[in-house]
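Line by line, the protein sequences are chains A and B.
The opening position of the first sequence corresponds to residue 91 in my numbering, with each subsequent residue numbered one higher.
The opening position of the second sequence corresponds to residue 12 in my numbering, with each subsequent residue numbered one higher.
Some notes on the structure that comes next.
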Amino acid sequence: MKTTGYSEGLVYALVGNPNCGKTTLFNALTGLRQKVGNYPGVTIERKEGEFYSQHGVRLRVIDLPGAYSLNARSPDEAILRDVLLGRRPDTPRPDRIVCVVDASNPERNLYLFTQILELGVPVILVLNMVDVAERNGLRFDVERLAERFGVPVIPMVASQKKGLVELKVAMSRQELPSPKPLLDAMPVPVRGALVRARENLAAAGIVAATASPLEPLYLISGHDPTHYGIAPAAVAMIRLGREQLEREVPGWEDRLVAARYDAIHAALESVVRRPESASATLTDKLDTVLLHKVWGWLALAGTLGFLFYLIFSVVEIPVGWIESGFSALTAKITGTSEIPGWMPDGDLRSLMTDGVISGVSGVIVFLPQILILFFFIGFMEDTGYMARVAFLMDRIMSRVGLTGKSFLPILGSHACAVPGVMAARTIESPRDRLITILVAPLAACSARLPVYLLLIAALVPGKAVPAPMKAGILTGLYAAGIAGVFCFAWLFNKKLLPGAPSAMILELPAYKMPSFANIARQMAGRAWMFIRRAGTVILGLSILLWGASTYPKLRNADGTLSEDKSAALAHSAAGRLGHAIEPVIRPMGADWKIGIGLISSFAAREVFVSTMSVIYNVEAEDDDDGTRRLRDRLAAERRPDGTPVYTPALCASLMVFFVFAMQCLSTIAVVRRETHSWKWPLFQLAYMTGTAWLLATAVYQLISALSS
Amino acid sequence: MLKPGETGVIVTLPEGAPSLTRLREMGLLPGTRVEFIRRAPMGDPVEIGVRGALLSLRDAEASLIEVETERAAGV
């Protein structure tokens with residue numbers, strides 16, 4: 091019996107396999123009283139909530155990541171293990187555990203439960219989705235199960251809140267019985283070896299001397315301890331312990347698994363009544379179509395087509411509102427010649443309008459895309475189709491050492507790398523996730539499009555580019571981006587992070603109706619996380635970039651500020667930087683004016699177009715007319731020796747540069763946030779922009795040599 | 012070796028490989044019935060049914076699992 095901590099609120103952990111309905115249950119229990127954060131050092135959401143029992147006792151609930159076993163194979167499972175064993179300083183060790191089991195698939199789901207029963211903490215077993223189980227012909231004798239396991243058993247349909255009151259009553263009980271472990275005893279030699287392993291680990295300070303032998307068991311049997319926040323010295327100890335155990339009791343791990351399943355089988359044999367005939371389920375019928383050689387691809391293409399329609403077309407509507415909202419705000423502040431603005435002209439107003447407001451709007455403008463992509467991902471995950479997409483696409487992604495799970499983040503990056511990189515969270519393998527994040531920004535995002543269009547327009551001076559040629563070049567640029575994704579994924583897989591390819595063991599969950607409340611919560615959580623963590627970095631860097639393109643100020647001979655925007659920009663720190671990098675970008679055919687464009691478009695690629703308008707003193711208007719004027723101005727630009735600057739060679743070189751270069755500080759901020767270090771975003775910046783420079787130079791030199 | 016649509020019983024799984032340990036933990040043990048449901052349209056991975064769940068695994072792992080078809084076993 092454990093009653094400590096009752097006064098300040100019992101801590102419950104909510105555990106279960108993926109797709110067992112745990113999140114739905116968590117939401118039903120805690121309602122809006124929840125906090126979503128992050129476990130420090132890893133990209134795993136930390137969800138905690140609370141509710142009050144009928145007697146007014148506060149109960150805290152930690153929703154742990156879905157897992158199949160305490161033998162952690164992914165960072166998610168390592169978090170589960172570490173929290174349950176009390177190994178995480180940031181999370182209290184749970185006083186009690188609610189183990190959620192998908193009643194329609196009890197055998198496999200109870201495997202984790204057998205491990206949970208041994209932890210020496212009171213457990214409540216929730217048989218979730220009993221309605222589905224009944225439809226499949228499975229009936230449970232709840233009382234006999236409760237007696238067999240020694241724990242309260244609550245049948246539930248969490249999505250309909252059926253059984254919720256019973257669960258809350260059970261959770262509020264002062265005392266819960268101690269569970270009876272299913273395995274009467276761990277095989278004696280294994281136990282002996284684990285006790286010795288505990289002594290070694292305790293001597294090294296890795297576990298407490300009083301730790302149960304289970305703690306070394308789950309540390310040792312973890313797939314690869316290096317990923318999971320265990321100190322390197324401890325990893326060596328753990329490996330040693332593993333080797334020792336393997337020598338003393340060969341095949342101990344597999345024997346233990348078999349013993350657990352035997353126990354589950356025996357426990358269920360007496361309780362579950364199986365139907366005689368198993369008719370084809372809805373999932374079987376749907377999969378016959380959705381995984382079909384022809385219809386499966388069509389369904390996938392249709393789904394992705396719809397996604398693209400949403401993130402390319404529909405997203406324009408809210409983005410338009412956001413942009414016009416912010417420009418209206420800017421107009422209010424600036425005022426017109428008749429109506430005075432809210433702020434007088436000056437540096438402060440410029441900081442406000444060109445720095446802060448454009449920075450904030452640069453953050454907010456990502457929200458529609460993030461919300462739409464995460465709505466889509468939530469929908470696909472909740473219905474069960476997401477796993478099917480990974481199943482269909484796995485073969486292609488395996489060519490470059492990834493799995494089917496990397497497909498959607500990379501596809502999403504074709505709209506915008508920011509949500510794409512965030513979507514890589516759905517990949518369990520840390521290595522696959524990192525490679526996916528590193529290559530995702532090579533996908534041709536929508537911010538590249540205006541730059542491509544301007545450069546294509548500048549290719550043929552004085553007249554419109556024929557449509558087939560325009561389409562051909564655009565297709566080529568998108569293909570170059572995809573080629574970049576695959577080449578670098580292959581390279582990183584071989585050289586940067588070599589290792590055994592991940593075995594893609596993936597459960598294809600039964601299809602079910604999605605819960606829009608769950609999806610909405612997830613969308614809101616992700617959006618808020620983006621604003622708080624990445625948004626602040628984006629805002630800070632935007633203000634920095636504003637400062638660089640504003641100061642120092644250009645003054646006329648009489649000391650007044652110059653009205654010549656082009657000259658003022660050239661005089662500013664950004665302009666000087668453009669001059670400074672000229673020797674570096676000269677091999678790719680660019681001069682210092684283009685250098686300013688490249689520097690300022692580091693904020694976001696599409697800024698290149700507006701910066702070039704300022705540099706060449708073209709009234710920037712976001713329409714065809716504006717593009718045409720800018721194009722004509724570019725065509726007229728001459729070098730000191732009278733030859734045109736914007737030759738086809740330069741246009742091609744710049745296009746290639748924009749295909750590969752990491753010209754996006756928002757992506758850098760998000761990658762830093764998702765990888766928890768500056769190391770990877772800086773590496774990404776170096777490899778992408780380095781490749782961009784090399785290829786752009788090669789293209790420029792080659793075309794120049796051929797055309798001279 | 013099973014063909015799509017066939018059901019069999021697992022005879023052995025090689026011991027020791029981490030990915031196979033996970034398959035064991037997901038219920039693929041000697042004596043367990045498995046159904047080879049289908050191959051992905053591009054040939055790999057494969058989908059199997061085991062203990063009421065649908066799992067996808069790659070040929071690399073699936074080919075290590077030795078299975079006796081039910082017909083041959085006389086069931």
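All C-beta atoms in this analysis are idealised placements derived from N, C-alpha and C, irrespective of residue type, glycine included.
This structure is a prediction, so every number in the text was calculated from the model and none was measured.
State the Cα-Cα distance for the pair residue i and residue j, rounded to the nearest angstrom.
i	j	result
A:T640	A:S440	9 Å
B:A73	A:K602	27 Å
A:S427	A:K655	19 Å
A:D180	A:R123	20 Å
A:A349	A:L273	7 Å
A:E453	A:T733	The question names Glu, but residue 453 of chain A in the sequence shown is Val. Using only the alpha carbons, I get a separation of about 41 Å.
A:N608	A:C577	37 Å
A:V699	A:I684	11 Å
A:N290	A:R695	55 Å
A:I244	B:T43	29 Å
A:M678	A:I671	12 Å
A:L207	A:Y542	60 Å
B:A51	A:L388	14 Å
A:L394	A:V132	30 Å
A:G210	A:D185	10 Å
A:L659	A:V126	44 Å
A:M559	B:R62	57 Å
A:S797	A:V627	45 Å
A:H317	A:R515	With a pLDDT of 48 at A:H317, under the threshold of 50, the modelled position of that residue is not reliable, and the figure given next carries that caveat. Straight-line Cα distance between these residues: approximately 15 Å.
B:T23	A:L307	24 Å
B:D70	A:H382	19 Å
A:G502	A:S164	24 Å
A:R623	A:A283	46 Å
Which term fits residue i, buried or exposed, when burial requires 16 or more other beta carbons within 10 angstroms of its beta carbon?
i	result
A:H766	exposed
A:V285	exposed
A:R808	The shown model of chain A, from 91 to 798, leaves out residue 808 of chain A, and the question about it has no answer.
A:S367	Model confidence at A:S367 stands at a pLDDT of 48, short of 50, so the residue's coordinates are unreliable and nothing is read from them.
A:A477	buried
B:T32	buried
A:F750	buried
Which same chain residues end up closer than 7 Å to residue i when comparing Cβ atoms and leaving out the 5 residues on each side of it in sequence?
i	result
A:A664	A638, S639, I686, I689, S690
A:V761	V511, I527, W770, P771, Q774
A:P108	G156, E597
A:I799	Outside the displayed span of chain A (91 to 798) sits residue 799 of chain A, for which this structure offers no information.
Under 7 Å between C-beta atoms, does residue i make it to chain B?
i	result
A:A349	no
A:K383	yes
A:F481	yes
A:A391	no
A:G386	yes
A:G630	no
A:S367	Low confidence applies here, because A:S367 scores a pLDDT of 48, under 50, leaving its location unreliable; read the following figure in that light. No, no contact with chain B.
A:S159	yes
A:E338	no
A:A593	yes
A:G106	no
A:L596	yes
A:E343	yes
A:D484	yes
What residues in its chain sit with their C-beta under 6 Å from that of residue i, if we drop five residues either side in the sequence?
i	result
A:T424	G431
A:H661	L644
A:A548	R721, L724, Y736, C741
A:S805	Nothing in the structure corresponds to residue 805 of chain A, since chain A is present only between 91 and 798.
A:G240	P267, P269, K270
Any beta carbon of chain A sitting closer than 7 Å to that of residue i?
i	result
B:G19	no
B:P56	yes
B:E72	yes
B:E36	yes
B:T23	no
B:E26	yes
Since residue i and residue j are thought to touch, with beta carbons under 8 Å apart, how far apart are those beta carbons, to the nearest angstrom?
i	j	result
A:P196	A:L372	Contact flag wrong, Cβ pair sits at about 19 Å.
A:L400	A:F466	7 Å
A:V216	A:F203	With a Cβ gap of about 10 Å, A:V216 and A:F203 do not count as contacting.
Among residues of its own chain, excluding the 5 on either side of residue i, which ones have a beta-carbon nearer than 8 Å to its beta-carbon?
i	result
B:L65	I48, E58, I59
A:Y102	L149, R150, V151, I152, P184, D185, R186, I187, V188, M261
A:G99	E140, V147, R148, L149, R150
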